[in-house]
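Numbering (our numbering), first residue to last: 1 to 56.
Structural data, given as structure tokens:
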């Protein structure tokens, strides 16, 4: 769920690197590269997760 993904993002540490891949019949990446888990990147990732619409 969106809330579970936001909780996972909240658990990341500044030393962590991450990206997000979502898929149904298409695959999309939030970022082509891994990014540092800064508060700015985590907030942007949360916005991305919130924008994902289930279909497929």
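Cβ atoms here follow ideal geometry from the backbone N, Cα and C, with glycine treated the same way.
Looking at the backbone, the Cα of residue 23 and that of residue 8 are separated by about 18 Å. Each residue's CA atom was taken as its position, placing residue 37 and residue 17 some 6 Å apart. Excluding the 5 residues flanking it on each side, residue 12 has same chain C-beta neighbours closer than 8 Å at 18, 37, 42, in chain order. In this structure, residue 20 sits away from residue 4, with a CB-CB distance that is not shorter than 7 Å. Minimum Cα-Cα distance from residue 15 among the listed residues 2, 26, 34 corresponds to 34.
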